[in-house]
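Everything on this sheet refers to the single structure shown next.
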Amino acid sequence: AAHVAAPAKGANSFSEDQARGRLTKAGYQSVSRLAKDKDGVWRGSATKAGKKVNIGLDYKGNVTAR
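Note that the sequence shown covers residues 1 to 66 in the working numbering.
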């Protein structure tokens, strides 16, 4: 999964489990509160390197964190 500045809008076919799996593969732990927004982006929170971050996963599989 690539890390991008902003997630791409579009129809997202990932299930919640698939989204969680991609985020875990990208190094995120304790992924929680995952929900798909109106733009088709999975959003939630997680930790990476001990820091809590807000994450997004777009339909292309790109990950955003802030």
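We put the CB at the ideal spot given by N, CA and C, even for glycine.
Quiz item: In this structure, does DSSP put residue 9 in helix, strand or coil?
Solution: coil
Quiz item: Pick from 43, 50, 52 and 48: whose alpha carbon is nearest that of residue 62?
Solution: 43
Quiz item: Buried or exposed: where does residue 17 fall if 16 or more other Cβ atoms within 10 Å of its Cβ makes it buried?
Solution: exposed
Self-check item: Proximity of residue 45 and residue 31 at Cβ, strictly below 9 Å
Solution: yes
Self-check item: residue 21 - DSSP class collapsed to helix/strand/coil
Solution: helix
Quiz item: Where do the N-terminal and C-terminal ends of the beta strand (DSSP E) with residue 56 fall, by residue?
Solution: 51 to 57
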